[in-house]
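Start counting the sequence shown at 163; every next residue gets the next number (this note's numbering).
Just so it is clear, CB atoms sit at the ideal spot from N, CA and C, and this is done for glycine as well.
One structure below.
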Amino acid sequence: MAGPRVRLVITADDFGYCPRRDEGIVEAFLAGAVTSVSLLVNGVAAESAAELAGRYQIPTGLHANLSEGRPVGPARHGASSLLSPEGFFLGKMGFREAVAAGDIALPQVREELEAQLIRFRELLGGEPTHVDGHQHVHVLPGVCQVFAETLQANGVRFTRLPVERGVGGCAWLEAPAHAFACAVERDARAAVGPFSRYGLRWTDAFVGLSTCGRHMSAHRVSGALARALEGIPTGHALTAELMAHPGYPSVPPAGGCGEGPDAFSCSWERLHELRVLTAPTLRARLAQDGVQLCTLHDLDSKRPGEGVLGEATLEAFLEPSPPCP
């Protein structure tokens with residue numbers, strides 16, 4: 163990459179999941195290593211996280227959750243296609259299986275999304291900067307349509323389109339992670355239509371499926387951004403998002419969304435991401451690559467003629483991805 167032609171939002175997901183997670187996220191934000199957070203309003207630490215967001219003026223979006231923990235909407239009062247008999251969401255893969263089988267009632271998805279937006283406003287006292295999906299549920303077939311309709315109805319413009327070019331060739335990903343990443347990218351490509359029809363916007367490029375947890379390094383983040391740039395005219399100011407999961411490991415039983423923290427939250431991998439993000443190596447590499455960190459507000463304030471987020475690389479998203487080296 164040559165010249166400062168990439169503006170990068172670094173979003174820390176799962177804010178509100180655990181006080182120790184939130185401590186690390188705030189540390190990364192204050193160090194200038196994270197520029198945005200996505201809040202889980204059903205997280206056990208959602209209220210304290212909202213207080214931190216206000217105290218430190220952290221740009222905060224909603225991490226819409228349909229797969230982990232307890233709901234915040236009407237479903238919590240009775241039987242729902244979104245829930246197990248025990249009253250919890252169906253899980254990362256369980257929800258996907260239920261969607262594929264046609265067992266999810268999409269009006270109930272809308273009710274839960276609406277309830278989470280209301281809860282966000284109660285906690286933050288304002289609107290979310292963006293809404294994305296916990297475990298990428300927002301790009302699933304059918305769900306993406308309801309998601310886009312709900313965001314438009316609530317005046318939310320920004321979302322995440324998790325299409326990471328080349329992720330299918332990233333040999334360092336273990337088989338389950340590789341399969342999940344490829345499935346997410348496939349679903350995200352199909353979600354472009356509904357997202358566009360309802361006026362949603364997203365960054366030109368997305369990075370994070372190949373750099374999650376133990377796999378994050380300055381070299382891999384730089385490489386993923388470089389792949390995203392392939393085929394983009396040199397005169398275009400690209401916008402990108404890096405999805406990150408920094409924080410200090412959860413210590414059970416603290417954390418989670420009503421069922422306790424999961425294994426990833428308790429692992430050293432969260433701390434690894436925190437250290438990579440705040441280390442001088444990554445910042446130096448990004449500066450060398452011509453990458454400028456920014457917020458979604460900065461992107462929304464683009465100068466006339468710079469285009470609309472997501473449109474510049476729409477065709478590139480729908481083309482076959484170049485493989486990872």
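- The criterion of a C-beta distance shorter than 8 Å is not satisfied by C456 and V261.
- With contacts defined as CB atoms closer than 8 Å, G186 and Y410 qualify as a contacting pair.
- DSSP places I172 within a strand segment (E or B) once states are collapsed to three.
- Residue environment analysis places W364 among the buried positions, since at least 16 neighbouring C-beta atoms fall within 10 angstroms of its C-beta.
- Excluding five sequence positions before and after G420, the CB atoms of its chain that fall closer than 8 Å to its own CB belong to N204, V206, G231, R232, F250, given in chain order.
- For M378, there is no enclosing alpha helix (DSSP H), as DSSP marks it with neither H nor E.
- Where L400 is concerned, there is no enclosing alpha helix (DSSP H), although the beta strand (DSSP E) around it starts and stops at 400–406.
- Counting C-beta atoms within 10 angstroms of its own C-beta, L192 has fewer than 16 neighbours from the protein chains shown and is therefore classed as exposed.
- Runs of the beta strand (DSSP E) lying entirely within the stretch 219–288, each at least 3 residues long, are 222–226 in chain order.
- Q454 is bridged by DSSP to R169.
- Residue environment analysis places R348 among the exposed positions, since fewer than 16 neighbouring C-beta atoms fall within 10 angstroms of its C-beta.
- Here the alpha carbons of P324 and A380 stand approximately 20 Å from one another.
- For S198, the three-state secondary structure derived from DSSP is strand.
- Annotation for A207: no alpha helix (DSSP H) segment contains it, and DSSP assigns it neither H nor E.
- Bounds of any beta strand (DSSP E) do not take in V325, whose DSSP letter is neither H nor E.
- A226 is a Cβ neighbour of H296, given a cutoff of 8 Å.
- A353 sits buried, since 16 or more C-beta atoms from the chains shown fall within 10 Å of its C-beta.
- Per DSSP, G295 lies in no alpha helix (DSSP H); the unbroken beta strand (DSSP E) holding it starts and ends at 293–295.
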